[in-house]
Amino acid sequence: MATMKAVRIHTHGGPETLVYEDALQPEPAADEVLIRIHAASVNPVDWKIRGGYGKDSFKHHLPLILGWDVAGTIEAIGSQVEQFQTGDAVYGYTSLYRDGGYAEFIVAKTTEIALKPNSVDFLEAAAIPVAALTAWQALFDTAGLGANQRVLIHAASGGVGSLAVQLAKVKGAYVIGTASARNADFLRELGTDEIIDYQATKFETVVQDLDVVFDTIGGDTQERSFSVLRKDGWLVSIVSPPSQETAAQHGVRSSMVGVQPNGGQLKEIAALVDSGKLKAYVETVLPLKEARQAHELSQSGRTRGKIILQVVN
Ligand SMILES: NC(=O)c1ccc[n+]([C@@H]2O[C@H](COP(=O)([O-])OP(=O)(O)OC[C@H]3O[C@@H](n4cnc5c(N)ncnc54)[C@H](OP(=O)(O)O)[C@@H]3O)[C@@H](O)[C@H]2O)c1
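Following my numbering, the numbering of the sequence shown begins with 9 at its first residue and continues without gaps.
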């Protein structure tokens, strides 16, 4: 059987558990495609799973290939696949329950991918799926953010936040974003209407009556977020389930969102990218074999935009 280079973990733990080595090349089932990966992006969930997060629910078989956010070209298609052809340039977010994309190849369901935006290279395309789908599903599908509504986006400079700001602007919302002072210019470039330096100012002292808060931080930031919403406003978190009791006390709605693969939404997102309305910011590009360094950087919590692992030069 054919082999490929991949970064795998054989045990849960720190960055040192990431091993660059040979692995078996996967084969597509009838409803799957085999993608030759050009680039994979690093998301915090990668190092969380590396450390043991969700061990009991995912029940991964080790060794496991991490990284589920990819862009590449279709190398082979399963017998039932009609929507894609060999050679198509695609991008996607694949199920966390299977092997990921820190590798030369990955198999994906056709429902998990879309044609990559034409106007960007594979590095930028790989930066988009998880972050954009997360923002889309939280802001639009869950909180129903609409035109002229006011939304507070925490960590607007991060991978998810930087796309969330732009998607909210596409909807016609008024966007307030938090970040540290060093990211103020970046937030302005993204189109943020109002910027709060979370290290200097408590956001709840300067904003109130908001329609939506997008919580990408959790903990104390989430708890303080309830009070800045209008009645029936939405607190949507991607980090931890908000207390329903506290939500009821404040008369607001709240929910935790776990991003789901969605090729249909990726198609709409690609159109926004190609029309110049959405852009992913790539802060760091490292070769696949430097995945350990990429995880250390991501875990620092200071990433502006995205970190990318380049598989094909
Ligand atoms: N539920 C889901 O489906 C889902 C999907 C995607 C992500 N997530 C989770 O969402 C979180 C964010 O993901 P991400 O990829 O956006 O992370 P990220 O890119 O690593 O976020 C880094 C950014 O966070 C900012 N930041 C750190 N602490 C902050 C604070 N207290 N207030 C405001 N900004 C702060 C930093 O800005 P400064 O340097 O200026 O502080 C930095 O730019 C992670 O925990 C991730 O696991 C969940």
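The beta-carbon is built from N, C-alpha and C at its ideal position, and this holds for glycine as well. Just so you know, these numbers come straight off a predicted model, no measurement behind them.
For the pair V281 and P125, the CB atoms are nearer than the 8 Å cut-off. When only Cα atoms are considered, P250 and Q93 end up about 43 Å apart.
By the C-beta criterion, the segment 164–178 is judged to be in contact with the segment 125–140, since at least 3 inter-stretch pairs fall below 8 Å. Ranking G59, K63, V247, R238 by CA distance to the CA of Q257 puts R238 first.
Remark: C-beta atoms of D217 and S233 do not approach each other more closely than 8 Å.
Between the segment 81–92 and the segment 298–310 there are fewer than three C-beta pairs closer than 8 Å, too few to call the two in contact.
In the three-state reduction of the DSSP assignment, T19 falls in the coil class, being assigned neither a helical nor a strand state. In the structure shown, the three-state DSSP call for T81 is strand. Boundaries of the alpha helix (DSSP H) around E197: 192–198.
In the DSSP assignment, Y28 forms a beta bridge with V15.
For A140, the shortest C-beta to heavy atom distance toward ligand 1 is 7 Å or greater.
The beta-carbon separation of T150 and V267, rounded to 11 Å, does not stay under the 8 Å limit for a contact.
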